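Structure first, then comments.
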Amino acid sequence: MSWEPKIIAFLCNWCSYAGADLAGVSRLRYPPSIRIVRVPCSSRVSPAMILDALKSGADGVLVSGCHPGDCHYLTGNLYARRRFYMLKKLLEFAGIEPERVQFAWISASEGDVFAKVVTEITERVKALGPNTKFRKVLRETGA
Amino acid sequence: MGTLTEKIREAAAKVLTEGRAEVVVGYGPGPLPYRNRLVAVRSAEEVNRLVWPSFGVLNPANALHKLRGQKVALVATGCVSRAVVVLLQEGQVKREEVYLLGVPCPGMLDPAKVRALAAKVTRVEDDLSDRVLVTTSEGKKEIAREELLRANCLSCRHPSPPLYDELIEAPARPVSAEPYAQVEEIEGLSPSARWAWFEKEIVSRCLRCYACRQACPLCYCPTCFVDDSRPQWVGKTRDPVDTALYHLVRAYHLTGRCVDCGSCEAACPQGIPLRLLTKKLEKEALSAFGFEAGLDPEAPLLFTDFREDDPEDFMITHELKAAGKI
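Chains A and B supply the protein sequences, listed in that same order.
So in the numbering used here, the last spot in the first sequence is 143, and the numbers never skip.
So in the numbering used here, the last spot in the second sequence is 1326, and the numbers never skip.
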């Protein structure tokens, strides 16, 4: 059986989650690699959540929210953008492949963009191979 | 050396007798010739316990958390004053409860560099001139002060305190011309070499004693994320992935807050280059957002502010759009 990556997606309730829903009802094709966590806003996502996903065995993480100006809470995504910029720089500095952690703006009407983004991320993570650096492997006990 | 020590004592005695503060926190002599320890002085008779520390490596601003509710005066070099500014911005300290005895900083000496000079160092004489006289088991040595300075003092961008109530005269170091040289060295490596560096220099050496967190004047959460059990972000064992996660999130929590006082590194029993992660974030905040921590108590913090035109070319949707794919 060939290896399929697992990608955890944190999607904001108001735009990106609805965008993913639209991709579904429009019957758009995209890889089944994605596991969606619905969050109230992209700014709800803390770096510990992203790193915890990788630690728990995800091969990639996607965080997606509303486009700037579209945020249900008006400015949540604008705060999030700064945080993600800094997080991405820090992860790159520590040598974690930057392709594994991705950020996107996907609106509720962009089902096609959601499908495209998932396809693209899956291809990139596939090219990198499984996440072995940042995955916590629990050792057998008592052996 | 004597004169700056005398000026500090004089100012501390005045602050205590005039009732501007109940306690003065500064540095006193330490257990070794290349150590200084933090001391709290509560009366004018005690001020002789204070000295100008050549090895003042821990940040006295950390004492504000323990002395909350009391009027505290701090001997404040650039990084101490900046840490207080961040605490003021974050509402952790009230302006009227802290009195800053500002000292333009000539830079502190690195205990590790002095200890490495000989088998035994018995005396260090630092008159803040170009040269330091070190007496060792192998005789007296005269060494350029610049060579013995701490890494964070060599890369210091703000030796003079941006906020103070009174200023004690001292010869400040010039602003560093190459503040990010160490960071750029790591940036120049390939991603796999950077990961190897991160694993070797930081993750594999860490004991997870959390001394870096305790020493940091800006790590004041009553419950740190590493102590959370539901959800448990960081496992309790020394699993390398948990240690890596700890270091990344610890550094990240200091984004736009770290004043590069180097307390974390000074407290680390393993000599881990902890500062490099926060220094990298400092560099990015300056280049992308023109932001520097701890300069203006009235200004917003990096993460409590945004601009409409903040960079977003790192986002995959931006990239796909530029490539005409969406």
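Even for Gly, the Cβ is constructed at its ideal location relative to N, Cα and C.
Given the structure is predicted, the values throughout are model-derived calculations rather than measurements.
Skipping 5 residues on each side, what residues in its chain have a beta carbon closer than 8 Å to that of residue i?
i: Pro1297 of chain B; result: Val1085, Leu1088, Gln1089, Arg1095, Leu1163
i: Ile1186 of chain B; result: Arg1194, Trp1197, Leu1276, Lys1280
i: Thr1122 of chain B; result: Pro1033, Thr1135, Thr1136, Ser1137
i: Ala143 of chain A; result: With a pLDDT of 45 at Ala143 of chain A, under the threshold of 50, the modelled position of this residue cannot be trusted, and the question is left open.
i: Ala1119 of chain B; result: Thr1136, Ser1137, Glu1138
i: Ala1040 of chain B; result: Val1023, Val1024, Val1025, Ala1063, Leu1067
Whose C-alpha, out of the options, is nearest the C-alpha of residue i?
i: Leu1218 of chain B; options: B:Asp1260, B:Glu1178, B:Ala1323; result: B:Asp1260
i: Thr1003 of chain B; options: B:Ile1168, B:Arg1250, B:Pro1174, B:Gly1271; result: B:Ile1168
i: Ala1144 of chain B; options: B:Arg1230, B:Lys1321, B:Val1134, B:Pro1060; result: B:Val1134
i: Phe1303 of chain B; options: B:Leu1295, B:Val1051, B:Glu1312, B:Ala1285; result: B:Ala1285
i: His974 of chain B; options: B:Lys1140, B:Glu1166, B:Ala1177; result: With chain B covering only 1001 through 1326, there is no way to say anything about residue 974 of chain B.
i: Trp14 of chain A; options: A:Cys71, A:Leu22, A:Ala58, A:Val25; result: A:Cys71
i: Val1057 of chain B; options: B:Tyr1034, B:Glu1045, B:Leu1050; result: B:Tyr1034
i: Glu1006 of chain B; options: B:Thr1077, B:Pro1174, B:Val1051, B:Leu1038; result: B:Val1051
i: Val1044 of chain B; options: B:Asn1036, B:Asp1310, B:Arg1020; result: Checking the sequence shown, residue 1044 of chain B turns out to be Ala, not Val. Of the candidates B:Asn1036, B:Asp1310, B:Arg1020, the one whose C-alpha sits nearest the C-alpha of Ala1044 of chain B is B:Arg1020.
i: Leu1248 of chain B; options: A:Asp59, A:Tyr73, A:Ala48; result: A:Ala48
i: Leu1207 of chain B; options: B:Ala1244, B:Gln1232, B:Gly1294; result: B:Ala1244
i: Cys1153 of chain B; options: B:Pro1106, B:Glu1199, B:Ser1129; result: B:Pro1106
i: Thr119 of chain A; options: A:Ala18, A:Ala23, A:Ser2; result: A:Ala23
Apart from the five residues on each side of it in sequence, which residues of its chain come closer than 6 Å, Cβ to Cβ, to residue i?
i: Lys1283 of chain B; result: Tyr1180, Val1183
i: Ser1054 of chain B; result: Leu1109, Asp1126
i: Ser33 of chain A; result: Glu4, Pro5, Ile7, Thr122
i: Gln102 of chain A; result: Leu62, Ile121
i: Leu10 of chain A; result: In the sequence on display, residue 10 of chain A carries Phe and not Leu. For Phe10 of chain A, where only same-chain residues beyond five positions count, the Cβ hits under 6 Å are Val37, Val39, Val45, Val63.
i: Pro130 of chain A; result: Asp59
i: Arg35 of chain A; result: Ile8
i: Ala53 of chain A; result: Ile8, Val61
Going by beta carbon distance, what residues of the same chain come within less than 7 Å of residue i, once the five residues before and after it are set aside?
i: Leu28 of chain A; result: Gly111, Asp112, Ala115
i: Lys1113 of chain B; result: Leu1148
i: Arg1009 of chain B; result: Val1047, Asn1048, Leu1050
i: Glu1142 of chain B; result: Arg1131, Leu1133
i: Lys1325 of chain B; result: none
i: Glu99 of chain A; result: Arg124, Val125, Leu128
i: Leu1274 of chain B; result: Cys1212, Cys1264, Glu1265, Cys1268
i: Ser1081 of chain B; result: Leu1100, Gly1102, Pro1161, Pro1162, Leu1163, Tyr1164
i: Gln1092 of chain B; result: Tyr1220
i: Tyr73 of chain A; result: Cys41
i: Cys1224 of chain B; result: Arg1213
Let me check you understand the geometry: is the CB of residue i closer than 7 Å to at least one non-hydrogen atom of the ligand HEM?
i: Val1249 of chain B; result: The ligand HEM is absent from the structure shown, which contains no ligands of any kind.
Along chain E, in chain order, which residues have C-beta atoms closer than 8 Å to that of residue i?
i: Leu87 of chain A; result: The displayed structure is made up of protein chains A and B, and chain E is not among them.
So residue i and residue j are supposed to be a Cβ contact under 8 Å. How far apart are they, rounded?
i: Asp1242 of chain B; j: Gly1235 of chain B; result: 4 Å
i: Ile96 of chain A; j: Val61 of chain A; result: That pair is no contact at about 11 Å.
i: Arg135 of chain A; j: Gly65 of chain A; result: The pair is not a contact, with the Cβ atoms about 26 Å apart (cut-off 8 Å).
i: Ala1299 of chain B; j: Glu1166 of chain B; result: Their Cβ separation, rounded to whole angstroms, is 23 Å, which puts Ala1299 of chain B and Glu1166 of chain B out of contact at 8 Å.
i: Lys88 of chain A; j: Phe1314 of chain B; result: 5 Å
i: Glu1201 of chain B; j: Ile1272 of chain B; result: 7 Å
i: Pro1104 of chain B; j: Ala1172 of chain B; result: 3 Å
i: Arg1150 of chain B; j: Gly1078 of chain B; result: Rounded, the Cβ-Cβ distance is 13 Å, inconsistent with contact.
i: Val117 of chain A; j: Ile1316 of chain B; result: 6 Å
Would you be able to state if there are at least three C-beta pairs under 8 Å between the segment 1057 to 1069 of chain B and the segment 1009 to 1017 of chain B?
Output reads no: the segment 1057 to 1069 of chain B does not touch the segment 1009 to 1017 of chain B.
Inter-stretch contact at 8 Å, needing at least 3 Cβ pairs: the segment 1277 to 1290 of chain B / the segment 99 to 112 of chain A
Under the Cβ criterion (8 Å, minimum of three pairs), the segment 1277 to 1290 of chain B does not count as touching the segment 99 to 112 of chain A.
Contiguous alpha helix (DSSP H) assignments of at least 4 residues, all confined to the segment 1029 to 1071 of chain B
Listed in chain order, the complete alpha helix (DSSP H) runs (minimum 4 residues) inside the segment 1029 to 1071 of chain B are 1063 to 1066.
Determine, using beta-carbon pairs with one atom in the segment 41 to 51 of chain A and one in the segment 80 to 88 of chain A, whether at least three such pairs fall under 8 Å.
Contact between the segment 41 to 51 of chain A and the segment 80 to 88 of chain A is established, with three or more Cβ pairs separated by less than 8 Å.
For the pair the segment 1245 to 1254 of chain B and the segment 1216 to 1230 of chain B, tell me if three or more CB-CB distances fall below 8 Å.
A contact is defined here as three or more CB-CB pairs under 8 Å, and the segment 1245 to 1254 of chain B meets this definition with respect to the segment 1216 to 1230 of chain B.
To test your reading of the DSSP string, which unbroken alpha helix (DSSP H) runs of 4 or more residues are found completely within the segment 1192 to 1240 of chain B?
Qualifying alpha helix (DSSP H) stretches, in chain order: 1211 to 1215.
Give the list of continuous alpha helix (DSSP H) stretches no shorter than 4 residues that lie fully inside the segment 28 to 116 of chain A.
Complete alpha helix (DSSP H) runs here, min 4: 47 to 55, 76 to 93.
Please go through the segment 1237 to 1282 of chain B and give each complete alpha helix (DSSP H) segment of 4 or more residues, from N-terminal end onward.
Taken in chain order, the complete alpha helix (DSSP H) segments of 4 or more residues contained in the segment 1237 to 1282 of chain B are 1240 to 1252, 1263 to 1267.
Secondary structure, beta strand (DSSP E): runs of 3+ residues fully inside the segment 1109 to 1197 of chain B
Whole beta strand (DSSP E) segments, 3+ residues: 1121 to 1126, 1131 to 1136, 1139 to 1144.
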